[in-house]
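Asker: Numbering of the sequence shown is given in the numbering used here, commencing with residue 4 and proceeding in unit increments. Don't be surprised by glycine CBs; every beta carbon is placed ideally from N, CA and C. Computed from a predicted model, the values in this text were never measured in an experiment.
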Amino acid sequence: MEEIKRRYKGDRMKIQQAQAELYKTRGINPLSGCLPTLLQFIVLIPMYSVIDQGLKTSDPTAMLSIFGFQVLDPGCVNGLADGVRCFDTTVGWLGGLDVSQPWAPLILLGIGISPLALGSALLQVLQTRMTLPKGGAVKGDPAAAMQSQTLVILPLISILYGGILPAGLFIYWIASTVFSLAQQYLILGYGGLFPLFGWTPAFAVNHAPRFPVAMPESAPAGDVVEGAPQSRTDLDRAASAAATIRSAKKRDRHGRRGGR
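#1: Compute the Euclidean distance between the alpha carbons of Ala-21 and Arg-88, then round it to the nearest angstrom.
#2: Specify, as a first and last residue, the run of the alpha helix (DSSP H) that Ile-177 falls within.
#3: CB-CB under 8 Å to Leu-125, same chain, minus the five flanking residues each way: which ones, in chain order?
#4: Are the beta-carbon atoms of Ile-7 and Ile-18 separated by less than 8 Å?
#5: Which same chain residues end up closer than 6 Å to Arg-15 when comparing Cβ atoms and leaving out the 5 residues on each side of it in sequence?
#6: Could you tell me the alpha carbon to alpha carbon distance between Leu-163 and Trp-176, rounded to whole angstroms?
#7: Where do the ends of the alpha helix (DSSP H) carrying Gly-122 lie?
#8: Just reading off the beta strand (DSSP E) that Ile-110 is part of, what are its end residues?
#9: Name the DSSP beta bridge partners of Gln-73, please?
#10: Please state whether DSSP places Gly-95 in a helix, a strand or coil.
#11: State yes or no: is the C-beta of Met-133 within less than 8 Å of the C-beta of Leu-191?
#12: Output the distance between the C-alpha atoms of Ile-48 and Phe-90, rounded to the nearest integer angstrom.
#13: Would you kindly work out how many angstroms separate the C-alpha atoms of Gln-104 and Gly-95, rounded to a whole number?
#14: Name the one or two DSSP bridge partners that Gly-115 has.
#15: With DSSP run on the structure shown, which of helix, strand or coil describes Leu-41?
#16: The alpha helix (DSSP H) that contains Thr-28, what's its start and end?
#17: In three-state terms, what does DSSP make of Leu-47?
#18: Since Leu-154 contacts Val-128 with CB under 8 Å, what's their CB separation in whole angstroms?
#19: Note down, in chain order, each residue of its chain lying with its Cβ closer than 7 Å to the Cβ of Gly-33, except the 5 sequence neighbours on either side.
#20: Have a look at Leu-184 and Ala-120 and give me their C-alpha separation to the nearest angstrom.
#21: Roughly how many whole angstroms lie between the Cα atoms of Lys-12 and Glu-24?
#22: Are the beta-carbon atoms of Gly-99 and Gly-166 separated by less than 8 Å?
#23: Beta-carbon separation of Leu-189 and Pro-212 under 8 Å?
#24: Between Trp-176 and chain D, is there a C-beta pair that is closer than 8 Å?
#25: In angstroms, rounded to a whole number, what distance separates the CA positions of Thr-203 and Lys-137?
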C-alpha cells in the first residue's frame, strides 16, 4: 500500500484503482471489517424501536414493548414516582455498586476519578497499540499518525468523564474492549504492543497468533500489479517532451507559410 501511494503520489484516482486491483489479486474483501459493526445492529435496532415508540406517543407504556413483545411490566411505571425501579441496578460482585450512578471515589484537582474509567482507559491504550504494526508506525503514514493521537486522546476523555457518566457505561466499555483484545490476540497476535518502554517479555518473542490470517507473499520489488495504471518512466517523459517540441515546430512552420 505504501509503494502504491509513493508511486502514484498526487493522483487519487490511480491510487484507488491500484488498491482495488491489489485487493482483487490478494483475495482481500475491504468490506469484511464491517461484520463486527453489523452484529451491533442486533442491539441497536431494538433500541431504536423503543426510542421511536416513545417519541410517537404520549403513553410511556409504549416504550415497554419491542416489536410488539412486552419486555417490562407496565405496573412498574406507576411506581416510578415513589422511587420504585423497574430494574435492580446494583451489582453484588462490585460491593453493591449502583451502576446507574457515577462512581468516582478519588478526587484529583477537583475532578472525580473513577477506577472503572482508569481501567477502561488502560485497556483502550493496549487495544490501540495492538492494532499498530510490529516495529512501530510507519513515518509519514496519516493513518498511523491518527492512531497515535487516538492512543492519547480517547483514554484521556474516558478518565475526565469518569465522575460524570454512569459506572455501568464504563463496565460496558471494559467488557467490549476485553472482547476486542481477545479477538485481536487470536488473529493478529500482540501486534505493536511490544516493546513497551523498551521491554519485550519472553512470551512475546516470535509469538505466532492462534488463528493467523494467511496472506500471499508480497510481489518482488519492481513488479507492477496486474491491471493497475502504469507509471511513466523517464524514457516515456523524454519521448513525450520531444513530440511536443516537434508539434510546436510544425505549427510554427505552418504559421510562417500562411503569413507569406
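Answerer: Reading off the structure:
#1: 58 Å
#2: 170–191
#3: Pro-158
#4: yes
#5: none
#6: 15 Å
#7: 118–134
#8: 109–111
#9: Ser-68
#10: helix
#11: yes
#12: 21 Å
#13: 15 Å
#14: Ile-110
#15: helix
#16: 15–29
#17: helix
#18: 6 Å
#19: First, the amino acid is wrong: residue 33 is Pro here, not Gly. Contacts found: Tyr-26.
#20: 17 Å
#21: 17 Å
#22: no
#23: yes
#24: Reference to chain D is not applicable here, since this structure consists of a single protein chain.
#25: 12 Å
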